[in-house]
Amino acid sequence: MATLMDLLEEKYGQQLRFEEGRVAWDKTLLLTLRKLGYDLKLEDYATRVILYKGDQRLGEIDYKVITIEDDEEMNDAYEVLLLDLSPFKV
682 MATLMDLLEE KYGQQLRFEE GRVAWDKTLL LTLRKLGYDL KLEDYATRVI LYKGDQRLGE
742 IDYKVITIED DEEMNDAYEV LLLDLSPFKV
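Using my numbering, the first residue of the sequence shown is number 682, and each one after it goes up by one.
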């Protein structure tokens, strides 16, 4: 059975940003997940990221924060959350 991460890499790999086996949380990811019926929510004072499908809570997502310093479009360094969606089956 395929995972959500496999699906995102296969169908949306050109649109999403993948690093270190994880996917970057940005507007494109949110819109893509919503199109597939999923949603991301922050809980516990924005310290936990939770994946939902409709009203069903699927579980907490492991994430890592990285700093991007060499982006041509941005003048200053910024942080990005990299989400591990591989534990979730589609």
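Glycine is no exception: its CB is placed at the ideal position from the N, C-alpha and C atoms.
#1: Whole angstroms are fine: how far does the CA of Asp720 sit from the CA of Leu732?
#2: Within 10 angstroms of its Cβ, does Val704 collect 16 or more other Cβ (buried), or is it exposed?
#3: Mapping DSSP to helix, strand and coil, what is Asp757?
#4: With burial defined as no fewer than 16 other Cβ atoms inside 10 Å of the residue's Cβ, what is the status of Leu710: buried or exposed?
#5: Helix or strand or just coil, what does DSSP make of Asp765?
#6: Could you check the C-alpha separation between Leu688 and Leu717 for me, to the nearest Å?
#7: Going along the chain, which residues of its own chain have a beta-carbon closer than 8 Å to the beta-carbon of Val746, five neighbours each way excluded?
#8: Please report the residue range of the beta strand (DSSP E) in which Leu732 lies.
#9: What are the boundary residues of the alpha helix (DSSP H) that Glu691 is part of?
Taking the definition as stated:
#1: 6 Å
#2: buried
#3: coil
#4: buried
#5: strand
#6: 10 Å
#7: Glu760, Val761, Leu762, Leu763
#8: 729-734
#9: 685-693
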